[in-house]
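These protein sequence lines map, in sequence, to chains A and B.
Once you know that position 44 of the first sequence is 238 in my numbering, the rest is easy, because the numbers rise by one and skip nothing.
Once you know that position 78 of the second sequence is 272 in my numbering, the rest is easy, because the numbers rise by one and skip nothing.
Scroll down for the structure; my scribbles are underneath it.
Number of protein chains: 2
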Amino acid sequence: MTTPKSKNITWAHSAIDHETRVRRNQHKGAVLWFTGLSSSGKSTLSREVERRLFERGCHCYILDGDNVRHGLNRDLGFSPADREENIRRIGEVANLMRDAGMITLTAFISPYRRDRRGCRDLVPDGGFIEIYCQCSLEECERRDPKGLYKKARAGQIPEFTGISAPYEAPEAAEIVVETDKLSIEESVAQIIAYLEAQRILQANGENGQDLERAVNS
Amino acid sequence: MTTPKSKNITWAHSAIDHETRVRRNQHKGAVLWFTGLSSSGKSTLSREVERRLFERGCHCYILDGDNVRHGLNRDLGFSPADREENIRRIGEVANLMRDAGMITLTAFISPYRRDRRGCRDLVPDGGFIEIYCQCSLEECERRDPKGLYKKARAGQIPEFTGISAPYEAPEAAEIVVETDKLSIEESVAQIIAYLEAQRILQANGENGQDLERAVNS
Numbered sequence: 195m196t197t198p199k200s201k202n203i204t205w206a207h208s209a210i211d212h213e214t215r216v217r218r219n220q221h222k223g224a225v226l227w228f229t230g231l232s233s234s235g236k237s238t239l240s241r242e243v244e245r246r247l248f249e250r251g252c253h254c255y256i257l258d259g260d261n262v263r264h265g266l267n268r269d270l271g272f273s274p275a276d277r278e279e280n281i282r283r284i285g286e287v288a289n290l291m292r293d294a295g296m297i298t299l300t301a302f303i304s305p306y307r308r309d310r311r312g313c314r315d316l317v318p319d320g321g322f323i324e325i326y327c328q329c330s331l332e333e334c335e336r337r338d339p340k341g342l343y344k345k346a347r348a349g350q351i352p353e354f355t356g357i358s359a360p361y362e363a364p365e366a367a368e369i370v371v372e373t374d375k376l377s378i379e380e381s382v383a384q385i386i387a388y389l390e391a392q393r394i395l396q397a398n399g400e401n402g403q404d405l406e407r408a409v410n411s
Numbered sequence: 195m196t197t198p199k200s201k202n203i204t205w206a207h208s209a210i211d212h213e214t215r216v217r218r219n220q221h222k223g224a225v226l227w228f229t230g231l232s233s234s235g236k237s238t239l240s241r242e243v244e245r246r247l248f249e250r251g252c253h254c255y256i257l258d259g260d261n262v263r264h265g266l267n268r269d270l271g272f273s274p275a276d277r278e279e280n281i282r283r284i285g286e287v288a289n290l291m292r293d294a295g296m297i298t299l300t301a302f303i304s305p306y307r308r309d310r311r312g313c314r315d316l317v318p319d320g321g322f323i324e325i326y327c328q329c330s331l332e333e334c335e336r337r338d339p340k341g342l343y344k345k346a347r348a349g350q351i352p353e354f355t356g357i358s359a360p361y362e363a364p365e366a367a368e369i370v371v372e373t374d375k376l377s378i379e380e381s382v383a384q385i386i387a388y389l390e391a392q393r394i395l396q397a398n399g400e401n402g403q404d405l406e407r408a409v410n411s
């Protein structure tokens, strides 16, 4: 690298392209978009996948209600327009982090197909992986760790997804995890296997050149 | 790590804390907030710093007009309220990326002290580093690579910072770079030296344990 002699030269683009980041990280950037009913296991599963990815040396991060609703999206309420904008911004941020080379996991109910489609459309090249945490409403209500379903049934929470507001199940999710049938261990394994098959992760024992070939193919 | 036998257990927090990320990355997460007049060198300098950081093995990413205005903030115009919201969201995203372990560089004029203060307040523990690209208006106008100052002087661009809208220079920026006096090379060296002195980066030749001690101190 040489430094220009002129003080006034400007670069048109970032100095580092995405492929260079992938080679450094030894994995691709991606958005793992978890969707499903409240209590369907999105948070639990995404955090366990994050942990497993980190242990494998991946750069990964979770966007969830804790770090988004009270920060970036703290100006948004729960009107239909605000809910849509909430998901839109999450999709944009997840895609920026993917562009930065990270595997970004998002854990939001995100009940509407159109909103999820909007987020998918931001992400190039198969980098958007929709993970449907499929769990019967009955099982979600049985779990109900925060008593939300109980309150929704009592009419104390308006427009509660699955009770008084719709959940539009994915029609073509990359991964459907039956969280009411599988253990966490089995669910994580299903997701990791998919990421390896798609060459987002290296399978254990592969070396960097293999991934580089996959990236460039 | 053991996997819980119950399918229904939930974790309260992310599986990976920030310090663990720092140990893995061998550098701290940080927000490098470049501010200054149009043509003061923010983009040029931030990109060169990004390149230098990447070459040292850091995880880094630039947020700028290219990847923010047309994405996350595409719903925002140029009214005073929208300009403020533009900077607020950039600060939130930069802080998320910092939390994820990255050194995030932002390159926006960000002319108002209050807005920059708001972004600073999001970031814990000295992780917000304001970098003032100090350059005389005369020199910025002389550079004017896109002819914006010329148009602003002709009244064709309303509320142009430095001409018809104020720029509130930082009063206590962590770093003041005199971009009208220093070469790019010198400017980059000044910033890197600061990051090493603050133990955000390891000085060359240090090992991981030194950084770990710095993190825990």
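The beta carbon of each residue, even a glycine, is placed where N, CA and C say it ideally should be.
query: Unbroken beta strand (DSSP E) run spanning Q350/A, endpoints; result: From DSSP, Q350/A is part of no beta strand (DSSP E); its letter is neither H nor E.
query: Strand pairing of I323/B, partner residues [DSSP]; result: L226/B
query: Beta-carbon proximity of A209/B to R292/A, cut-off 7 Å; result: no
query: Span of the alpha helix (DSSP H) around D315/B; result: R307 to L316
query: Assigned secondary structure, C252/A (DSSP; H/G/I helix, E/B strand, else coil); result: coil
query: Chain B residues whose Cβ lies nearer than 9 Å to that of F248/A; result: A209, I210, T214, R215 and R218
query: Own chain residues within Cβ distance below 6 Å of E333/A, not counting five before or after; result: D374
query: CB of L270/B within 7 Å of CB of N261/B, strictly; result: no
query: D258/B versus I369/B - alpha carbon distance; result: 19 Å
query: Residue range of the unbroken alpha helix (DSSP H) whose run includes L389/A; result: I378 to A391
query: Chain-order list of residues whose beta-carbon lies under 7 Å from that of E278/A (same chain, five-residue window excluded); result: D309
query: Span separating the alpha-carbon of E286/A from that of L266/B; result: 5 Å
query: Minimum Cβ-Cβ distance from V225/A to chain B less than 7 Å; result: no
query: Residues that L299/B bridges to, as DSSP identifies them; result: L226/B and I256/B
query: Cβ-based contacts, 8 Å cut-off: residues of the stretch 281-295 of chain A near chain B; result: R283, E286, V287, N289, L290, M291, D293, A294 and G295
query: Contact list for R308/B against chain C, beta-carbon separation under 9 Å; result: Although the question refers to chain C, the structure presented lacks it and instead comprises the protein chains A and B.
query: Reference S240/A; option with closest CA among T214/A, L299/A and Q220/A; result: L299/A
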